[in-house]
Structures are given as structure tokens and as C-alpha cells.
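Chemist:
Number of protein chains: 2
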Amino acid sequence: MDEIIERIEKELRESGKKSSRTRRKVIEVFFSCGGHLSVEDLYREVKQRYPDIGYVTVYRTLKVLEELGYATSLDVGDGSTRFETALRQHHDHLICTVCGRIYEFFEPEIEVLQNLVARKNDFRILDHTLHIFGICKECQK
Amino acid sequence: MDEIIERIEKELRESGKKSSRTRRKVIEVFFSCGGHLSVEDLYREVKQRYPDIGYVTVYRTLKVLEELGYATSLDVGDGSTRFETALRQHHDHLICTVCGRIYEFFEPEIEVLQNLVARKNDFRILDHTLHIFGICKECQK
DNA sequence: GATTAAATTGAAATTCTTTTTCAGAATAGT
DNA sequence: ACTATTCTGAAAAAGAATTTCAATTTAATC
Ligand SMILES: [Mn+2]
Ligand SMILES: [Mn+2]
Ligand SMILES: [Zn+2]
Ligand SMILES: [Zn+2]
Numbered sequence: 001m002d003e004i005i006e007r008i009e010k011e012l013r014e015s016g017k018k019s020s021r022t023r024r025k026v027i028e029v030f031f032s033c034g035g036h037l038s039v040e041d042l043y044r045e046v047k048q049r050y051p052d053i054g055y056v057t058v059y060r061t062l063k064v065l066e067e068l069g070y071a072t073s074l075d076v077g078d079g080s081t082r083f084e085t086a087l088r089q090h091h092d093h094l095i096c097t098v099c100g101r102i103y104e105f106f107e108p109e110i111e112v113l114q115n116l117v118a119r120k121n122d123f124r125i126l127d128h129t130l131h132i133f134g135i136c137k138e139c140q141k
Numbered sequence: 142m143d144e145i146i147e148r149i150e151k152e153l154r155e156s157g158k159k160s161s162r163t164r165r166k167v168i169e170v171f172f173s174c175g176g177h178l179s180v181e182d183l184y185r186e187v188k189q190r191y192p193d194i195g196y197v198t199v200y201r202t203l204k205v206l207e208e209l210g211y212a213t214s215l216d217v218g219d220g221s222t223r224f225e226t227a228l229r230q231h232h233d234h235l236i237c238t239v240c241g242r243i244y245e246f247f248e249p250e251i252e253v254l255q256n257l258v259a260r261k262n263d264f265r266i267l268d269h270t271l272h273i274f275g276i277c278k279e280c281q282k
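Chains as they are written, first to last, in this note's numbering: chain A, 1 to 141; chain B, 142 to 282.
1) So, residue 217 (chain B) versus residue 272 (chain B), is the Cβ gap smaller than 8 Å?
2) Buried or exposed, going by whether 16 or more other CB atoms sit within 10 Å of the CB of residue 166 (chain B)?
3) I'd like to check one pair, residue 91 (chain A) with residue 111 (chain A): are the Cβ atoms closer than 8 Å?
4) Does the contact criterion of 3 or more C-beta pairs under 8 Å hold for the segment 168-186 of chain B versus the segment 194-210 of chain B?
5) Looking only at its chain, what residues have a beta carbon closer than 8 Å to the beta carbon of residue 107 (chain A), apart from the 5 residues adjacent to it on each side?
6) Closer than 6 Å is what we want: which residues have a beta carbon that near any heavy atom of ligand 5? List them in chain order.
7) Please list the terminal residues of the continuous beta strand (DSSP E) segment that includes residue 223 (chain B).
8) Would residue 31 (chain A) count as contacting chain B if we go by Cβ distances under 8 Å?
9) Between which two residues does the beta strand (DSSP E) harbouring residue 124 (chain A) extend?
10) Just to confirm the assignment, what range does the alpha helix (DSSP H) spanning residue 22 (chain A) have?
11) What separation, rounded to the nearest whole angstrom, lies between the Cα atoms of residue 177 (chain B) and residue 13 (chain A)?
12) Could you check if residue 101 (chain A) belongs to the surroundings of ligand 3, using beta carbon to heavy atom distance under 7 Å?
13) Do residue 134 (chain A) and residue 96 (chain A) count as a contact pair if the criterion is CB distance below 8 Å?
14) Please state whether the Cβ-Cβ distance between residue 121 (chain A) and residue 261 (chain B) is less than 8 Å.
15) Is it buried or exposed for residue 225 (chain B), if we count other Cβ within 10 angstroms and need 16 for buried?
16) Within 8 Å of any Cβ in chain A, is that where the Cβ of residue 208 (chain B) sits?
17) Mind checking who residue 179 (chain B) pairs with in its DSSP beta bridge?
18) For chain A, find out if any of its Cβ atoms is closer than 8 Å to the Cβ of residue 176 (chain B); answer yes or no.
19) If the cut-off is 9 Å on Cβ atoms, which residues from the segment 257-278 of chain B count as contacting chain A, listed in chain order?
20) If you compare alpha carbons, which of A:74, A:139, A:89 and A:71 is closest to residue 99 (chain A)?
21) Can you pull the chain A neighbours of residue 219 (chain B), defined as C-beta to C-beta under 7 Å?
22) Hey, quick one: how far does the alpha helix (DSSP H) through residue 244 (chain B) stretch, first residue to last?
23) Run down chain B in chain order and give the residues with a C-beta less than 9 Å from the C-beta of residue 140 (chain A).
24) Report back the beta-carbon spacing between residue 160 (chain B) and residue 150 (chain B) to the nearest angstrom; my notes put them in contact at under 8 Å.
25) Alpha carbons only, please: which of B:250, B:228, B:242 and B:255 is nearest the one belonging to residue 145 (chain B)?
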């Protein structure tokens, strides 16, 4: 955990930025929270521990993390962008339209087929998102 | 084309709505345009032929079409929601991050695998979106 | 440790899309 | 025609994302 933040701050310093106490705190809270957080979500968490940190810094920190490849943003269609750590393996999402819970899955065969589709269309893949919307196990009860 | 609009207006009337000249015009333009249009896009097209029609009516008409299942909305991550006809077969999208062009594909095996994933997770699928982002053939030149 | 240049911060302002409100116009039924 | 309800367009509001800017913090230099 600390080593990850070290790595991030190092990358930042190497690109002429400075490492600030505030940003470090936001990053810590982000990775310790886990899950799929909106800026607002993370801001609330941060505020609890560090009441002086502002919304914009949380917003900017998430942007930085995304740019450096340590966070991924996803749009689950509920109005606000969500962010999750990019330290774990790539995966796609099952999104419950009843409770909003987000489940994760990884299906290698789908990934392979995507590459096939891309090749057929002479398309160079940079990224993809597969969102499956529906009703989760809990909400079916 | 006219028969589709007839069907839509019929459905509307059956649910206590009225059929208006204005909405009919917007629907006509929408289906005749084709493609993946934002509200703004369609508004521009409508404005050209019918200068008196307002933005909000275009917005509302697209909403109605979506509710009735005649249009589908998709978010390609460029800030505004896009709409396309739902009269054609389901498909997914290849989105060029250079030129913004949107290509379509349908891969039955991916669909099958999605159902498999859902079953494994006791998840009842209602919908899904698979967006592949990258560089299209044209833009690779 | 003081000095300085550059980056960071938080609040406020701005931008941009989406959505709601509301008074007047159009529509459908009597 | 009369009436009730829906529809329309402009304007306002809502909401998220982003920018601006003065004050503060940081990193490097003296
Ligand atoms: Mn995830
Ligand atoms: Mn399409
Ligand atoms: Zn659920
Ligand atoms: Zn392209």
C-alpha cells in the first residue's frame, strides 16, 4: 500500500510535479476504500478523516490517478462517473439496476472474441467496456 | 417508414397520449437520418427542415421513442448521450477515439458467453453494452 | 534557515448537458 | 363549439464536470 503511493509520487516527481501531503491522503483513502466510487463518494470518505480537504482536490487526484493508470473510470449510467483501482486484473461488470450493486467478472473467451472482431474490422483496440445490466441474485428474492 | 410512425402513434394513443404533428416530424427526421445522434445533432437536423420546433421537443421525442423501445441510447464517452434506431438487430460498437466514427458488429458467441456469465452469477440480464474503443482502419493510415 | 519559482489547494465561478416548470397552443372527445 | 388533457417552446433549474484565481505549500537554491 505504502509502496504503491511511493511509486505514484515518484512518477509524479519525475514528470515535474510535486508530492503533496493532501494528495497523498486522498490516494490513501481511495485505495483503502476499494469499490466503485464517485468523486462525491470518495470526497465523503476523505472528509470524514480529513475535514479540511476540498472536493476539487479529490476530483483532481482521481484524474491524476487515472492518467497515470492507477485508477479506471467507468460509467454505470447513474449520472456520475465512478472510479476503481486499476491495480487488479482487468474485468467487466454486472450492474444491478435495482440496488445499484456492481459485480465483477472476467471471461477470457469474450476477450479473445473481441480481438477477433477487431481484427476482422482492421480496428486497433485500446480499451473496452462490457457492462451487463440486470437484476442481481439478492434482488431477485 | 410511414407504417412505423403509424405504429408508434397508435401505441401512444393507446396509452392516453395524443399524436401531434410536431412529434411526428421529429420522428420522421430521426428515422430518416440514421446513425448515432445526440439530442443536439437531431435538433440541428430538425431545425433545418422545421425551424419552429424547439430543442425540448426533440429531447422529449427521443425519450418517448426510447421508452417505447423504438430508440436506444448509448454513451460513447464524449459528453452527450447518443440515440439510434432500435428497429435493427441488436449489435455492439467499435468506437474510434480519433475520428469519433462508430462501427457496428454482432458476435453471437459473445452473446452466448454473456448469458453463461450471468447464469454463473445468478444474474438476470436485462440489457448490456459492449463498447470497444480504439483506432479505426481509416485513422490508422 | 531564508529566498524564490513552480505546483497545489479550496472556494467560487463557469461550462455543458440533462431535466423540470409553466403559460399558451394543439388535440381528442362530447 | 366546449372541455379536459396533452403537447410545445422558452426559460429556469438541476447536476456533474471543469476552470479560474488568490493564497498556500512544496522543492530547489542560496
Ligand atoms: Mn470493477
Ligand atoms: Mn449502433
Ligand atoms: Zn441488486
Ligand atoms: Zn477513426
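No residue lacks a Cβ here, since even glycine has one placed at the ideal position from N, Cα and C.
Note that the structure is predicted; figures quoted are calculated from it, not measured.
Modeler: Once the coordinates are examined:
1) yes
2) buried
3) no
4) yes
5) 92
6) No copy of ligand 5 appears in this structure; the ligands present are ligand 1, ligand 2, ligand 3 and ligand 4.
7) 223-226
8) no
9) 124-135
10) 21-33
11) 42 Å
12) yes
13) yes
14) no
15) buried
16) no
17) B:223
18) no
19) 257, 258, 259, 261, 262, 263, 264, 265, 266, 267, 268, 269, 270, 271, 272, 273, 274, 275, 276, 277 and 278
20) A:139
21) Here the premise fails: no neighbours, minimum Cβ distance about 12 Å.
22) Where residue 244 (chain B) is concerned, there is no enclosing alpha helix (DSSP H), although the beta strand (DSSP E) it sits in stretches over 243-246.
23) 263, 264 and 265
24) 4 Å
25) B:228
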